[in-house]
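Working notes, structure below.
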Amino acid sequence: MRILIVEDDKEAASYLAKALREAGHVVDHAADGETGYDLAASAPYDVLVVDRMLPRRDGLSLISGLRADGNHTPVLVLSALGQVDDRVTGLRAGGDDYLPKPYAFSELLARVEALGRRPRQQEVETSYTVGDLTLDRLSHTVTRSGQDIPLQPREFRLLEYLMQHAGQVVTRTMLLEHVWEYHFDPQTNVIDVHISRLRAKIDKDFDRPLLHTVRGAGYTIRDSGRAGA
Amino acid sequence: MSEPTTTGRLFRTTAIKLALIYLAALTLASGAVLVYLSQNTATVLRDQVVDTVDAEISGLADQYRIGGIRALVAAVDARSRRPGASLYLVTDFAANQLVGNIEQLDDRVLAGESGELQRVMYTPIGGGARREALVRVFQLSGGFRLLVGRDLQEQQYFRSLLAEAMRFWLFVLAALGLITWVFVSRRVLKRIDAMTATSRRIMSGDLTERLPVEGSGDEFDRLAIGLNAMLTRIEVLMQGLKDVSDNIAHDLKTPLTRMRNRLEEALRGDLAGDSKARAVLETTIEDCDALIRTFNALLRIARVEAGSSDASFGDIDVSALVREVGELYAPVAEDDGGGMELRVADGLTVTGNRELLVQALINLVENALKYARQEAGEGARVELEARMEGGDVLLGVRDHGPGIADADKERVLHRFVRLEASRSAPGSGLGLSLVAAVARLHHGRLELADAEPGLAARLWLPAAGRDGEGRPAGGD
């Protein structure tokens with residue numbers, strides 16, 4: 001993916017660029033809002049990573065400027081202000097995701113990749129398939145090897161989100177945000193418990209596990225026959 | 001709780017006391033003025049009467065000196081026929097009336113000392129009621145007597161006029177006092193009410209609000225200006241505090257981010273092969289994250305306490321919220337060998353911030369799971385309930401753990417307070433502080449009670465739709 005980082009903190013930016021390049025992405029960097037806006041407007045990027053507080057042009061104004069131009073490149077907003085209302089204003093300005101600083105790189109990477117591969121408007125699939133596991137969004141059914149797997153509504157949403165991002169790492173906070181719509185740091189292993197319940201239903205009676213734990217990052221669903229991230 | 005009626009409040013105002021005192025003082029003063037006035041007027045009138053009488057007498061005396069009794073009688077006769085004439089009477093030695101306009105008079109009057117001023121009752125010629133008059137009697141040679149006087153009816157009429165005016169004046173005073181009282185106290189009440197409403201809004205966190213100043217420079221304006229100056233000062237201080245915490249957040253989070261980044265980089269790099277180094281790096285990252293979490297929690301509490309989330313308030317379906325949290329955490333309790341029981345009434349709604357309420361409830365649930373497990377040695381049994389009680393929505397989280405001693409119940413709500421028993425468990429000591437702050441922001445309260453055994457944490461929130469204490473009506 002081609003990623004533009006707009007961040008004034010040089011060290012943070014170079015670290016981020018380096019780490020993203022290591023993860024196989026092409027990275028450009030702008031140190032202020034005005035340059036960031038010019039770059040984003042002139043070249044096609046898959047994802048923009050924009051710091052909220054920038055010299056010359058504030059991050060939120062950069063985003064709303066791009067949106068006003070009809071540019072819908074997904075934007076991940078970074079900010080040292082991690083408060084409830086800050087996230088809301090960040091998303092309202094046209095940001096697609098919001099990550100408070102300091103963040104774990106694994107969290108940022110997972111979110112950037114989720115944003116970059118996000119289906120464009122309208123083309124939402126009606127069913128997902130990973131290996132022999134199929135989730136039908138219309139009939140709300142899950143089958144594996146032709147066998148029906150009954151799931152609770154929340155388990156269905158959990159699996160749906162994982163399969164929507166099949167092959168990508170999904171972090172615990174991402175799951176909490178998208179499946180439960182909660183924005184907080186859980187102090188307990190609450191997500192792991194739900195994952196292990198889901199795993200018991202979709203993986204336990206089958207020889208090949210599909211739902212994998214990615215150490216220090218989160219979870220991913222993929223057919224283990226294929227090479228993963 | 002019930003607001004007194006407007007009339008009730010009108011009667012309890014300082015204005016009515018002031019109005020009454022004012023009225024009494026004014027009545028007294030005007031009474032004194034009137035008495036002084038009427039007395040003075042009486043004196044003036046009397047002097048006037050005396051002067052008139054004396055002038056008449058000197059005129060008649062001239063007549064008598066020149067023309068004797070005959071001329072006197074003729075002059076008196078002529079004068080007593082004039083309209084508005086004074087009183088005259090001339091008698092001979094046998095007290096027979098020779099001429100005059102007095103029908104009847106007390107005999108003793110004529111026997112009085114010559115030249116003495118007397119107040120007498122007489123009957124005017126042609127009969128009628130007895131009237132009062134001021135007269136002088138002179139003994140003339142030959143046993144004749146001359147009486148000259150002035151009727152006092154006019155004076156009495158004037159006096160009754162004054163009394164009438166006084167009564168009217170008192171009535172006007174009372175009416176004016178009443179009207180003033182009603183107007184003043186209504187005006188005062190209105191301004192006081194406006195001030196009270198504003199101060200409530202300020203208390204609920206909107207420090208930019210100011211008390212209304214009308215610009216008339218009256219005592220209320222001066223009070224408002226003074227209080228506004230104080231509020232500005234407080235706002236500056238609060239802003240300073242907020243800036244400091246924001247700056248701390250920013251300035252400490254930046255190096256923390258870098259630190260975490262370098263650790264992550266190291267973890268991905270060459271050191272990753274060394275399992276010892278890897279373990280050190282991983283625990284350092286964990287500590288780093290704990291530090292960051294503490295910062296975030298502190299900042300969040302500060303924001304909540306400053307009341308800055310008020311703008312994001314909406315109607316929240318608490319029943320659904322509690323069920324969702326229960327659903328999220330029930331598996332955690334079960335996997336741990338405990339369990340979670342939900343008793344949630346339908347249709348509970350509060351006005352608030354969903355995220356903060358979720359966070360508060362989750363803090364309570366996580367506390368229950370964490371601390372009740374520790375002691376019992378097995379999983380925690382947690383009961384989560386939501387219902388109406390006494391017009392408020394009650395969210396209760398009850399566990400069967402060791403509970404909290406009465407002496408510590410107040411203390412654990414303070415920041416960074418961790419009880420000895422829980423020191424070994426992970427945590428920052430900020431969880432309950434945040435819950436208490438969220439409760440305050442929602443005009444509710446947090447209560448820690450004994451469930452015997454266990455702790456019953458109860459979060460009381462005013463139900464939506466009810467105009468809760470302190471929340472201005474009509475606010476969004």
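Listed in order, the protein sequences are those of chains A and B. Residues 1 to 229 in this note's numbering are what the first sequence spells out, letter by letter. Residues 1 to 476 in this note's numbering are what the second sequence spells out, letter by letter. Don't be surprised by glycine CBs; every beta carbon is placed ideally from N, CA and C.
Helix, strand or coil for residue i, going by three-state DSSP, please let me know.
i, result
"Phe220 of chain B", "helix"
"Asp46 of chain A", "coil"
"Phe138 of chain B", "strand"
"Pro124 of chain B", "strand"
"Gly218 of chain A", "strand"
"Val148 of chain B", "strand"
"Tyr182 of chain A", "coil"
"Glu132 of chain B", "strand"
"Thr213 of chain A", "strand"
"Gln152 of chain A", "coil"
"Glu265 of chain B", "helix"
"Arg208 of chain A", "coil"
"Thr143 of chain A", "strand"
"Ala457 of chain B", "strand"
"Asp9 of chain A", "coil"
"Asp450 of chain B", "strand"
"Val170 of chain A", "strand"
Mind checking whether residue i and residue j have CB atoms under 8 Å apart?
i, j, result
"Leu158 of chain A", "Leu133 of chain A", "no"
"Gly431 of chain B", "Asn363 of chain B", "yes"
"Gln168 of chain A", "Ala110 of chain A", "yes"
"Tyr329 of chain B", "Leu357 of chain B", "no"
"Ile232 of chain A", "Ala17 of chain A", "Limits of chain A in this structure are 1 at one end and 229 at the other, which puts residue 232 of chain A out of reach."
"Thr351 of chain B", "Ala457 of chain B", "no"
"Asp32 of chain A", "Asp58 of chain A", "no"
"Lys201 of chain A", "Glu160 of chain A", "no"
"Ser145 of chain A", "Arg137 of chain A", "no"
"Ala174 of chain B", "Leu23 of chain B", "yes"
"Ile69 of chain B", "Phe138 of chain B", "no"
"Ile301 of chain B", "Thr349 of chain B", "no"
"Ala40 of chain A", "Thr89 of chain A", "no"
"Leu395 of chain B", "Leu434 of chain B", "no"
"Val393 of chain B", "Leu384 of chain B", "no"
"Ala345 of chain B", "Ser319 of chain B", "yes"
"Thr257 of chain B", "Lys101 of chain A", "yes"
Going by CA-CA distance only, name the one from the options that's closest to residue i.
i, options, result
"Glu107 of chain A", "A:Tyr15, A:Ala17, A:Glu22 and A:Thr173", "A:Thr173"
"Arg65 of chain B", "B:Ala360, B:Ser141 and B:Arg260", "B:Ser141"
"Asp28 of chain A", "A:Asp9, A:Val49, A:Ser145 and A:Glu34", "A:Val49"
"Ala23 of chain A", "A:Val112, A:Thr35 and A:Arg144", "A:Val112"
"Ala386 of chain B", "B:Glu378, B:Val325 and B:Arg411", "B:Val325"
"Asp406 of chain B", "B:Ala439, B:Leu446 and B:Asp450", "B:Asp450"
"Leu54 of chain A", "A:Asp46, A:Ala166, A:Arg67 and A:Lys10", "A:Lys10"
"Leu89 of chain B", "B:Phe144, B:Glu113 and B:Asp399", "B:Phe144"
"Arg56 of chain A", "A:Leu78, A:Arg92, A:Thr143 and A:Asp38", "A:Asp38"
"Pro83 of chain B", "B:Phe93, B:Ala71, B:Ala94 and B:Asn101", "B:Asn101"
"Leu175 of chain A", "A:Ala68, A:Arg67, A:Ala104 and A:Gly218", "A:Gly218"
"Lys190 of chain B", "B:Gly454, B:Gly273 and B:Leu211", "B:Leu211"
"Arg278 of chain B", "A:Thr220, A:Ile191, A:Gly216 and A:Glu125", "A:Gly216"
Taking Cβ-Cβ distances shorter than 8 Å, what residues in chain A pair up with residue i?
i, result
"Asp346 of chain B", "Here the premise fails: no neighbours, minimum Cβ distance about 19 Å."
"Asp335 of chain B", "Val193 and Ser196"
"Leu488 of chain B", "Residue 488 of chain B is absent from the structure shown; chain B starts at 1 and stops at 476."
"Leu369 of chain B", "Thr188"
Going along chain A in order, which residues have a C-beta closer than 9 Å to the C-beta of residue i?
i, result
"Thr283 of chain B", "The premise fails here: Thr283 of chain B is roughly 12 Å from chain A at the closest Cβ pair, so nothing lies under 9 Å."
"Arg258 of chain B", "Asp9, Glu11, Ala12, Tyr15 and Pro102"
Whose Cβ in chain B lies nearer than 7 Å to the Cβ of residue i?
i, result
"Phe105 of chain A", "Asn261 and Glu264"
"Thr173 of chain A", "In chain order: nothing, as chain B lies at least about 12 Å away."
"Val237 of chain A", "With chain A running from 1 to 229 in the structure shown, residue 237 of chain A is simply not present."
"Ala43 of chain A", "Those do not exist, as Ala43 of chain A stays about 26 Å from chain B at its closest Cβ, beyond 7 Å."
Which chain A residues sit within Cβ distance under 7 Å of residue i?
i, result
"Glu327 of chain B", "Arg154"
"Arg293 of chain B", "Asp185"
Return no unless some Cβ of chain E is closer than 8 Å to the Cβ of residue i.
i, result
"Ala31 of chain A", "Checking the listed chains, one finds no chain E in this structure; the protein chains it contains are A and B."
Self-check item: Entirely enclosed alpha helix (DSSP H) segments - the stretch 341 to 406 of chain B, minimum 4 residues
Solution: 354 to 376
Quiz item: Where in the stretch 306 to 339 of chain B do unbroken runs of the alpha helix (DSSP H), each at least 4 residues long, occur, reported from the N-terminal end onward?
Solution: 318 to 335
Quiz item: If you scan the stretch 69 to 138 of chain A from start to end, which runs of the alpha helix (DSSP H) of 4 or more residues do you find wholly inside it?
Solution: 84 to 92 and 105 to 116
Quiz item: In chain order, which beta strand (DSSP E) runs of at least 3 residues are fully inside the stretch 178 to 237 of chain B?
Solution: none
Quiz item: Can you list, in chain order, the stretches of the beta strand (DSSP E) that have 3 or more residues and sit fully within the stretch 44 to 130 of chain B?
Solution: 87 to 91, 97 to 100, 102 to 105 and 117 to 124
Practice problem: Can you check the stretch 13 to 62 of chain A for any alpha helix (DSSP H) of at least 4 residues that lies completely inside it and give the ranges in chain order? | Solution: 33 to 42
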